[in-house]
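Taking the UniProt record's numbering, the leading residue of the sequence shown gets 1, the next gets one more, and so forth. Below is one structure, written out as structure tokens; the observations come after it.
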Amino acid sequence: MPPVLLSRSMDTLLGIFSGFLAYYLHETHPRTTLPPEQKLLPLLRWKWSKYQERSQNLQSLQ
Numbered sequence: 001m002p003p004v005l006l007s008r009s010m011d012t013l014l015g016i017f018s019g020f021l022a023y024y025l026h027e028t029h030p031r032t033t034l035p036p037e038q039k040l041l042p043l044l045r046w047k048w049s050k051y052q053e054r055s056q057n058l059q060s061l062q
């Protein structure tokens with residue numbers, strides 16, 4: 001097992017924070033920016049609507 005840098009909880013929080021920061025910088029940097037329909041929020045909304053449709057279809061079958 002590798003040595004603990006700060007503490008077990010601080011290492012975890014540092015990893016989560018740096019991951020969110022890297023993702024944010026990737027989405028907002030002008031060179032790597034995505035089209036608006038491919039950003040995270042619209043994709044999550046699309047996936048949620050597909051899930052809602054599927055659950056409604058399953059309920060209508062019962």
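Here a beta-carbon is modelled for each residue, glycine too, at the ideal position from N, C-alpha and C. This one's a predicted model, so the numbers in the text were calculated from it and none came from an experiment.
### Message
If I measure Cβ to Cβ from L13 and keep anything under 6 Å in the same chain, skipping five residues before and after, which residues do I get?
### Response
In the sequence shown, counting from the first residue as 1, residue 13 sits at position 13. The answer is none, since no qualifying residue turns up.
### Query
Helix, strand or coil: which one does DSSP assign to P35?
One-based indexing of the sequence shown puts residue 35 at position 35. Residue state for P35 is assigned as coil, using DSSP reduced to three classes.
### Message
If I follow the unbroken alpha helix (DSSP H) through L21, where does it start and stop?
### Response
Start at 1 with the first residue of the sequence shown, and residue 21 comes out as number 21. Taken as a continuous stretch (DSSP letters only), the alpha helix (DSSP H) holding L21 covers 8-28.
### Task
Please report how far the alpha carbon of T33 lies from the alpha carbon of Q62, in whole angstroms.
For this step, residue 33 is matched to residue 33 along the sequence shown. For this step, residue 62 is matched to residue 62 along the sequence shown. Approximately 44 Å, taken between the alpha carbons.
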